[in-house]
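Novice: Just so we're on the same page, our numbering is the position in the sequence shown counted from 1, plus 92.
One structure follows; several queries about it will come next.
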Amino acid sequence: MSSFNAFGFFALAGGTRIATTVPGAAYAKHHVHYTTSLKTLENSYVAATLRVYSGVGDAPLPDNTIAFVVAKVFVPNGQPVELDALSFAAIPGDVDGANYQDQIPDCPVYLYGVGHIPDHHAPQVLNDGARIFTVCLSDYIAGGLKDSTVQCMYPATKRWVKTPIPHPQSCTQFFGHCTGFGDTGLLRISVEHVTLSLGPHILAQPAATASTTTTPARRQKYIAYGSTPTQSSSASTPLASTSHAGPSSSSPMQ
Numbered sequence: 093m094s095s096f097n098a099f100g101f102f103a104l105a106g107g108t109r110i111a112t113t114v115p116g117a118a119y120a121k122h123h124v125h126y127t128t129s130l131k132t133l134e135n136s137y138v139a140a141t142l143r144v145y146s147g148v149g150d151a152p153l154p155d156n157t158i159a160f161v162v163a164k165v166f167v168p169n170g171q172p173v174e175l176d177a178l179s180f181a182a183i184p185g186d187v188d189g190a191n192y193q194d195q196i197p198d199c200p201v202y203l204y205g206v207g208h209i210p211d212h213h214a215p216q217v218l219n220d221g222a223r224i225f226t227v228c229l230s231d232y233i234a235g236g237l238k239d240s241t242v243q244c245m246y247p248a249t250k251r252w253v254k255t256p257i258p259h260p261q262s263c264t265q266f267f268g269h270c271t272g273f274g275d276t277g278l279l280r281i282s283v284e285h286v287t288l289s290l291g292p293h294i295l296a297q298p299a300a301t302a303s304t305t306t307t308p309a310r311r312q313k314y315i316a317y318g319s320t321p322t323q324s325s326s327a328s329t330p331l332a333s334t335s336h337a338g339p340s341s342s343s344p345m346q
């Protein structure tokens, strides 16, 4: 059980369309490869590359285009972070205009993953009291399974004082912001949420429910109030669930 993903806003440059041969097929897939970066919590930038699927007739986007991207992540040693897009939405507008980025949220990239703690793991405590532990992850990126090792950091705040460090060989899920590279050269992530000792989750099948949809008079891209399920009589008894997941800590996104 492992995955490593990122989502957020990325500035793009140097788009190049590249064909990838599909083994055993008489055709090739095309992707556009961009130079980009991960905006960190300290407002610095970590070098990265982004691969985006390109359909027939698609052309690379102009330099300085901003896109909202959900991507798989690979962190090679001493090289730019590799991102393989799962979802991609370019922000429209004049990319060379002075006001192009004015309406785009100013927030660091979010990183989240599920990985394992190494066997002989020794947590590190920084001078300010922040605690660091190592997580090993893997994901299928650009045609192959690739392994990454990162550092997760509990900030030196009251919220994290009693949160335990994950046990060696345990499976851990984390969510947070990149802060750059640590002194060992590993990408460091300031944790916003963590789930310890992940295991199988068993949930009974819910009864089928009907739903109603409220359509606004004028179509909006997003609405605050969505439809709610109508509970049937057969679903009046709460469903039991079991989980082997360990303790969790989370907070609203800033």
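The C-beta atom is built at its ideal place from N, Cα and C for all residues, glycine as well.
Between the alpha carbons of V124 and V253, how many angstroms are there, rounded?
Specialist: Each residue's alpha carbon lies about 44 Å from the other.
Novice: For my contact list, F102 and S240 are in at a C-beta cut-off of 8 Å; report their separation, rounded to the angstrom.
Specialist: In fact, because the Cβ distance is near 18 Å, the residues do not count as touching under 8 Å.
Novice: What is the rounded straight-line gap between the Cα of K121 and the Cα of A151?
Specialist: Cα to Cα, the separation comes out at about 14 Å.
Novice: Taking Cβ positions, are P258 and V227 nearer each other than 9 Å?
Specialist: Their beta carbons are under 9 Å apart, which means P258 touches V227 by this criterion.
Novice: Should L279 be labelled buried (16 or more other beta-carbon atoms within 10 Å of its own) or exposed?
Specialist: It counts as buried.
Novice: Measure how close the beta-carbons of S230 and S262 come, nearest whole angstrom, since I'm counting them as under 8 Å.
Specialist: Actually they are not in contact, since the Cβ atoms of S230 and S262 sit about 16 Å apart, beyond 8 Å.
Novice: Let me check understanding here. Comparing Cα to Cα, which of R223, S282, V165 and P260 lies closest to G236?
Specialist: It is V165.
Novice: What residue range is occupied by the uninterrupted beta strand (DSSP E) comprising V206?
Specialist: V206 -> beta strand (DSSP E) spans Y202 to H208.
Novice: Just the C-alpha distance for S146 and Q265, rounded to the nearest angstrom, thanks.
Specialist: Straight-line Cα distance between these residues: approximately 31 Å.
Novice: Indicate whether the contact test is met: 3 or more Cβ pairs, each with one atom in the segment 172–186 and one in the segment 153–164, closer than 8 Å.
Specialist: Enough Cβ pairs lie closer than 8 Å, so yes.
Novice: Between which residues of its own chain and A337 is the CB-CB distance below 8 Å, once the five residues before and five after are set aside?
Specialist: Low local confidence applies: a pLDDT of 48 at A337 is under 50, so the model's placement there is unreliable, with the coordinate-based value given in what follows. Excluding residues within five positions, the ones whose Cβ falls inside 8 Å are T287, L288, S289, L290, G291 and H293.
Novice: Leaving out the 5 sequence neighbours to the left and right, which residues in its chain are closer than 8 Å to G170 when beta-carbon positions are compared?
Specialist: Within the same chain, G170 has close Cβ partners G277.
Novice: Taking only the alpha-carbon atoms, compute the straight-line gap between P352 and A222 and give it to the nearest angstrom.
Specialist: Residue 352 lies beyond the residue range present for the chain, which begins at 93 and ends at 346; the question has no answer from this structure.
Novice: Give me the Cα-Cα distance between R251 and E284, rounded to the nearest whole angstrom.
Specialist: Taking the straight line from one Cα to the other gives about 10 Å.
Novice: When we look at the beta-carbon of A190 and count the other beta-carbons within 10 Å, is it buried (16 or more) or exposed?
Specialist: That one is exposed.
Novice: Tell me whether A316 is buried or exposed, calling it buried when 16 or more other Cβ atoms sit within 10 Å of its Cβ.
Specialist: Exposed, since its Cβ has fewer than 16 Cβ neighbours within 10 Å.
Novice: In this structure, does DSSP put K360 in helix, strand or coil?
Specialist: Because the chain in this structure spans residues 93 to 346, residue 360 falls outside the shown range and cannot be described.
Novice: For G207, which residues in the same chain have their Cβ closer than 6 Å to its Cβ, ignoring the five residues on either side in sequence?
Specialist: S94, V227, C228 and L229.
Novice: How big is the Cα-Cα spacing for Y192 and P256?
Specialist: Taking the straight line from one Cα to the other gives about 44 Å.
Novice: Please name the residue in R109, I196 and P168 whose C-alpha comes closest to that of G149.
Specialist: Nearest option by C-alpha distance: R109.
Novice: Express the C-alpha separation of H212 and R143 in angstroms, rounding to a whole number.
Specialist: Rounded to the nearest angstrom, the two C-alpha atoms are 35 Å apart.
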